[in-house]
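For reference, the structure discussed in these notes is given below.
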Amino acid sequence: MEKRRRTSPFLDRVRNAIRVRHYSVRTEQAYVGWIKRFILFHGKRHPSEMGETEVAAFLTHLAVGCHVAANTQNQALNALVFLYRQVLGKPLGDIVGATRARKPKKLPVVLSRSEVTRLLRNLDGAHWLAACLLYGSGLRLMECLCLRVRDLDFERKLILVRGGKGSKDRIVTFPDWLMVPMRRHLEAVRNQYEKDLRDGVGKANLPERLAKRYPNAPLDWGCWYVFPAPRRSVDPRSGLARRHHLDATALQRAVKLAVRKAGIHKPASCHSLRHAFATHLLEQGADIRSVQEQLGHSDISTTQIYTHVLGGANGAVASSRHCERSVAISVGCCTHTEIASSLRSSQ
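Here the sequence shown is numbered in this note's numbering, starting from -17 and rising by one per residue.
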């Protein structure tokens, strides 16, 4: 007889608070995980019996005892701030005495134009197309994988990025050289979509509030992921079988393998393509404010890190269309033959 998994009413309360605010599944898993660790660290005391002192002790333990990175420690803090403010209704005050993990000052790993070309030549199918978008539009990994068909505007050559970092929407350039391969890719995806509809599992995964407000929207072609997963899976929240987007780990592995095959001796990753996008635009004379908007940085100081890679800010100004041309030129050696072969492998 199968054992039932025991659930904590308190953690279920946390999950409900997260879902009411429409946070992602990844955020839910991360926050619940940190709250569990916080409770276990303090001998299973209830969070309502603790406060700033215990939070400071936990953060110090993460930095000193576990040697976590600064971003990891900040995520743990965000989870606890959410817990006390949104679940317990007792917002935390100043957290005094916590040892904060140091954030090392590192320049981003930037690939040259020839390295980007070699990397892309060692990818194919959906992995090739997704990597081209990371570089050609400067998208973050999950922004790319979460794209829906309706987010691609072929006529205006724009891509709408919904709910990016900080839950912000923005518009980015849709490169000319990706129009044809993207249309061919969507033809194959549409065939998959129609087959799933016939099998009764064609509903797209939408935020709960939208699915309730527009009950027919999950069946709409425009709501389908641009990069659907090759296999169906069970939604952890609804329990429904459906096709999610391509797994991030699969694309990361493919890019890592392509880096090795291309003979690139840098710790390059998917995010390195975004770094290359920004650096190459600045090299071509793009205005730093335009690059900031394209990347979705809330603070221009984050974008200015790329001027350090260049050895100084470039004062020249370029139009957004010139920016797009400079990106296209940098991977112009991906010929029509290579595009066609990669498309055949994706179908």
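Every residue, glycine too, gets a C-beta built ideally from N, C-alpha and C.
By alpha-carbon positions, which one of the options ends up nearest to residue i?
| i | options | result |
| --- | --- | --- |
| Thr54 | Thr9, Arg235 and Arg27 | Thr9 |
| Gly85 | Phe64, Val98 and His49 | The question names Gly, yet the displayed sequence has Lys at residue 85. Nearest C-alpha to Lys85: His49. |
| Thr155 | Val183, Met32 and Asp133 | Asp133 |
| Met124 | Leu233, Gln57 and Pro157 | Leu233 |
| Lys147 | Gln286, Trp16, Glu275 and Arg(-3) | Glu275 |
| Leu(-7) | Ala52, Gln57 and Val69 | Val69 |
| Tyr330 | Ala258, Gln174 and Gly47 | No answer is possible for residue 330: it lies beyond the span of the chain, which begins at -17 and ends at 329. |
| Ile287 | Asp229, Lys87, Gly71 and Ala250 | Lys87 |
| Tyr13 | Gln57, Ala52 and Val37 | Gln57 |
| Lys72 | Ser280, Pro29, Asp202 and Pro197 | Pro29 |
| Lys202 | Arg172, Gly15 and Ala230 | In the sequence under discussion, the amino acid at residue 202 is Asp, which differs from the Lys named in the question. Among Arg172, Gly15 and Ala230, the Cα nearest to that of Asp202 is on Arg172. |
| Leu179 | Pro163, Arg165 and Asn198 | Asn198 |
| Ser149 | Ser280, Arg(-3), Gly15 and Pro(-9) | Ser280 |
| Asp135 | Arg165, Cys128 and Gly145 | Arg165 |
Is the Cβ-Cβ distance between residue i and residue j less than 7 Å?
| i | j | result |
| --- | --- | --- |
| Cys126 | Leu116 | yes |
| Ala108 | Phe209 | yes |
| Lys177 | Pro200 | no |
| Val273 | Thr289 | no |
| Val347 | Ser254 | This structure gives no information on residue 347, because the portion of the chain shown stretches from -17 to 329. |
| Val183 | Arg224 | yes |
| Ala211 | Arg100 | no |
| Leu277 | Ala258 | no |
| Pro157 | Gly118 | yes |
| Ala61 | Ile0 | no |
Rounded to a whole number of angstroms, what is the C-alpha to C-alpha distance between residue i and residue j?
| i | j | result |
| --- | --- | --- |
| Arg(-5) | Asp181 | 35 Å |
| Phe20 | Leu59 | 10 Å |
| Arg130 | His167 | 13 Å |
| Gly267 | Val291 | 14 Å |
| Leu222 | Leu22 | 32 Å |
| His27 | Ala83 | According to the sequence as given, residue 27 is Arg; it is not His. In a straight line, the C-alpha of Arg27 is about 25 Å away from that of Ala83. |
| Arg195 | Leu188 | 11 Å |
| Leu160 | Leu263 | 18 Å |
| Gly120 | Gly47 | 36 Å |
| Arg(-3) | Pro(-9) | 10 Å |
| Ile282 | Arg122 | 17 Å |
| Arg256 | Arg213 | 28 Å |
| Ala230 | Gly25 | 35 Å |
| Asp151 | Arg271 | 17 Å |
| Leu239 | Ala250 | 10 Å |
| Asp269 | Ile153 | 17 Å |
| Ala170 | Glu265 | 36 Å |
Just confirm the distance between the C-beta atoms of residue i and residue j, as a whole number of angstroms; I'd bet it's less than 8 Å.
| i | j | result |
| --- | --- | --- |
| Ala45 | Thr(-11) | Not quite, the Cβ-Cβ distance comes to about 31 Å (not below 8 Å), so this is no contact. |
| His226 | Ser215 | 6 Å |
| Glu34 | Ile77 | 5 Å |
| Val241 | Cys252 | No, Val241 and Cys252 are not in contact; Cβ-Cβ is about 10 Å, not under 8 Å. |
| Val37 | Leu89 | About 33 Å; that fails the 8 Å criterion. |
(message) Check whether the stretch 138 to 145 and the stretch 94 to 108 touch, using three or more Cβ-Cβ pairs below 8 Å as the test.
(response) no
(message) With three or more C-beta pairs closer than 8 Å as the rule, is the stretch 37 to 44 touching the stretch -5 to 9?
(response) no
(request) Give a yes or no on contact between the stretch 88 to 102 and the stretch 64 to 79, applying the rule of three or more CB pairs nearer than 8 Å. (result) no
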